[in-house]
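Heads up, the thing below is written out as structure tokens.
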Amino acid sequence: MKNQFSQQLVKIRRQRNLSQDQLASQLFVSRQAISKWEQGETTPDLKTLVQLTEILDVDLNELVFGGTNHAKKNNYSDEKKHSQYRPMNFWEFLARYWWVLIALMASIAGIFFNR
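Numbering (UniProt numbering), first residue to last: 1 to 115.
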């Protein structure tokens with residue numbers, strides 16, 4: 001069963017014009033190991049994944065996940081972070097601190113009417 005990683009590995013290896021034998025010799029693994037990764041039978045360990053990213057000159061996210069979907073998620077989380085630090089408008093302030101305004105108005109009314 002092919003997974004995202006195995007599909008990406010085949011695609012990127014072919015884009016780099018590397019055979020399974022050539023890639024295997026650079027990683028010091030057998031050609032059969034590369035074949036099993038590409039068929040989705042097994043996956044390489046983390047050290048080998050890092051070596052693959054260096055040899056294929058790709059980002060780990062691109063190799064493992066395909067890169068595009070995760071980049072969008074990161075952009076969304078960055079937007080969310082930035083939106084938390086923008087100044088509040090009047091209605092947001094009123095919705096969040098209505099109780100302070102009512103207490104302040106009650107205090108002012110109490111002082112005004114107790115004269």
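We put the beta carbon where it would ideally sit given N, CA and C, even for glycine. What you are looking at is a predicted structure, and each value in this text was computed from that prediction instead of being measured.
For residue i, the three-state DSSP class (helix, strand or coil)
{"i": "residue 43", "result": "coil"}
{"i": "residue 31", "result": "helix"}
{"i": "residue 16", "result": "coil"}
{"i": "residue 2", "result": "coil"}
{"i": "residue 85", "result": "coil"}
{"i": "residue 66", "result": "coil"}
{"i": "residue 93", "result": "helix"}
{"i": "residue 57", "result": "coil"}
{"i": "residue 72", "result": "In this prediction, residue 72 has a pLDDT of 46, which is less than 50 and means its spatial position is unreliable; nothing more can be read from the coordinates."}
Alpha-carbon to alpha-carbon, residue j and residue i
{"i": "residue 13", "j": "residue 39", "result": "14 Å"}
{"i": "residue 8", "j": "residue 46", "result": "16 Å"}
{"i": "residue 20", "j": "residue 92", "result": "59 Å"}
{"i": "residue 50", "j": "residue 87", "result": "42 Å"}
{"i": "residue 106", "j": "residue 85", "result": "31 Å"}
{"i": "residue 97", "j": "residue 108", "result": "17 Å"}
{"i": "residue 37", "j": "residue 58", "result": "17 Å"}
Residue j beta carbon less than 8 Å from that of residue i
{"i": "residue 44", "j": "residue 56", "result": "no"}
{"i": "residue 67", "j": "residue 4", "result": "no"}
Cβ of residue i within 8 Å of any chain D Cβ
{"i": "residue 90", "result": "Within the model displayed, chain D is absent; a lone protein chain is all it includes."}
Is there contact here, the segment 23-39 with the segment 58-67, by at least three beta-carbon pairs under 8 Å? no
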